[in-house]
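A quick write-up on the structure given underneath.
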Amino acid sequence: MVVVPKPLTSVAEHQATVSGLVGLMPVRATPIAECLGLVLAEDLVAPIPLPPFDNSAMDGYAVRAADVVAVPVVLPVAQDIPAGKTDVAPLEAGTAHRIMTGAPLPAGSDAVVQVEHTDGGTDLVELRFSVPAGTNVRRAADDVALGATVLRAGRVLGPAQLALAGALGFGELPVRRRPRVLVLSTGSELVGPGEPLLPGQIYESNGLMLAAGVREAGGEAELLRFVPDDVEAFHAAIEPHLADVDLVLTSGGVSAGAYEVVKDAFTGRGVEFLKVAMQPGGPQGAGRYQGVAVATLPGNPVSAQVSFEVFVRPALLASMGFAVVERRSARARISTSITSPAGRTQFRRGAYDAESGEVVTPVGGPGSHLLSALAIANCLIEVPEATTELAAGDLVTIRYLD
């Protein structure tokens, strides 16, 4: 009997599959201090104007401009107005109020003489410069009008956007919440950092790497380490967490050999295993287990990280409402010749230096175990399926990793 292998799945097809599994996160009213880096889910409309009242732009003296036409002039100081004062008396003609920056402008005044242009008096003040009406005055609604739409849905909330929302009095903001990801590190050969290694054992790194990637993308990661190569133990490890997560993310145990615990545990239970036309990272899996999205990645560290970059990171960003989910890309000239397998998109680690003629240099070889090369790379060099050779100086697409 001749077994016909399944056709390879394209990178784009598997990207769409993983993104569709994760889906959009629900909108939550979230404390503003927790919204950094999240995406606003609804337009934000100003409930008050900014500034909310006329106020002083300088430390100085609130006056009527008509009283300081002929200078120098000495006026009695009728009141002190610090910032935050709520019971401000009106300014009478022929007097001044000492006022601080941000304090409410008293009714009857139309200008502020900054303190540097006075003698700084507290009972009587000598004003040495004349000022036209409106000088050093911030008018109410000069920045934001009542009812104005200040931030549109889809805006990523950075420090400036949070400051604006805070200034308008918002204690919570409607945002799509962070996806919760259960990261599984499987393999009986794995040992924790600091523990002695026996022959045949290795220190665990994939779980640490993938959990960090989830957090860097804006998600929340819970790491389950050292799940052994046993199907019953695997199920027992993940079952208590399924109700609280949006995605189960595994690495390893998805190839065609024996002791492939992830494949054995999920096959026939809603997760499909396939090969994607890429190098590294061909063996992949995706589906739903007990209603929870599952993405399974290969176990070699470079394969796992490249798969995360290509499939999982964009899905997490899309789930939070980001319009742009791919890393920044650029065109560069490769510094040396390389080869690539026919029919597969190859992702090579690279070091890109825009200041030296926009040249990218491959770092390490194509091997999926070369973790040190991944650690010093700042980009991925993307070689299309139809390209099997690149000569030094050829143009390539790179994906930044930072």
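Numbering (the numbering used here), first residue to last: 1006 to 1407.
Glycine included, C-beta positions come from ideal geometry on N, C-alpha and C.
Do the CB positions of residue i and residue j come within less than 8 angstroms of each other?
i	j	result
G1292	E1277	yes
V1180	V1044	yes
A1170	I1037	yes
L1041	S1324	no
L1254	V1161	no
G1257	G1192	yes
I1386	A1335	no
G1326	A1046	yes
L1228	Q1310	no
F1271	V1299	yes
S1340	T1366	yes
D1147	P1056	yes
N1211	G1362	no
V1136	M1063	no
R1332	L1406	yes
Across which residues does DSSP place residue i in a beta bridge pair?
i	result
H1122	Answer by DSSP bridge pairing: none, since H1122 is not bridged.
C1384	G1355, Y1405
A1101	V1082
F1278	G1290
L1129	P1081
S1061	V1142
P1164	Bridge partners of P1164: none, in fact.
R1336	T1402
T1344	E1394
L1189	L1229, T1255
L1195	I1207
R1349	In the DSSP output, where bridge partners are listed per residue, R1349 has none listed.
D1177	Checking the displayed sequence, the identity of residue 1177 turns out to be Glu instead of Asp. DSSP lists P1036 as partners of E1177.
V1149	L1055
P1109	N1060
In this structure, does DSSP put residue i in helix, strand or coil?
i	result
M1214	helix
A1323	helix
G1022	Correcting the residue type first, residue 1022 is Thr in the shown sequence and not Gly. Three-state DSSP puts T1022 in a helix.
S1256	strand
F1231	strand
L1379	helix
R1069	coil
S1361	helix
V1368	coil
S1135	coil
R1157	coil
I1053	coil
V1044	strand
Q1284	strand
A1328	coil
G1304	coil
E1265	coil
A1116	strand
A1241	helix
A1298	strand
V1315	helix
V1008	Reliability fails at V1008, whose pLDDT of 46 lies under 50, so the model's placement of it is uncertain and no value is given.
P1184	coil
Between residue i and chain D, is there a C-beta pair that is closer than 8 angstroms?
i	result
Q1284	Of the protein chains in this structure there is only one, and it is not chain D.
Is it right to say residue i is buried, meaning 16 or more other beta carbons lie within 10 angstroms of its own, or is it exposed?
i	result
S1061	buried
A1112	exposed
F1175	buried
S1342	exposed
V1050	exposed
D1251	buried
A1242	buried
I1381	exposed
G1224	buried
A1285	The question names Ala, yet the displayed sequence has Pro at residue 1285. Label assigned to P1285: buried.
L1080	buried
R1354	buried
H1395	As written in the sequence, residue 1395 is Leu, which differs from the His given in the question. So L1395 ends up on the buried side.
F1239	buried
P1201	exposed
T1301	buried
P1095	exposed
K1011	exposed
A1150	exposed
A1088	exposed
F1352	buried
V1008	Because V1008 sits at a pLDDT of 46, beneath the cut-off of 50, its placement in the model cannot be relied upon, and the point is left open.
T1100	buried
T1091	exposed
Measure the beta-carbon distance from residue i to residue j and round it to whole angstroms, keeping in mind my assumption that it falls under 8 angstroms.
i	j	result
S1190	E1209	5 angstroms
L958	V1155	The question about residue 958 has no answer, for the chain in this structure spans 1006 to 1407.
S1312	Q1289	7 angstroms
G1139	D1124	Contact flag wrong, Cβ pair sits at about 24 angstroms.
A1145	P1077	Between P1077 and A1145 the Cβ distance is about 31 angstroms, and since that is not below 8 angstroms, they are no contact.
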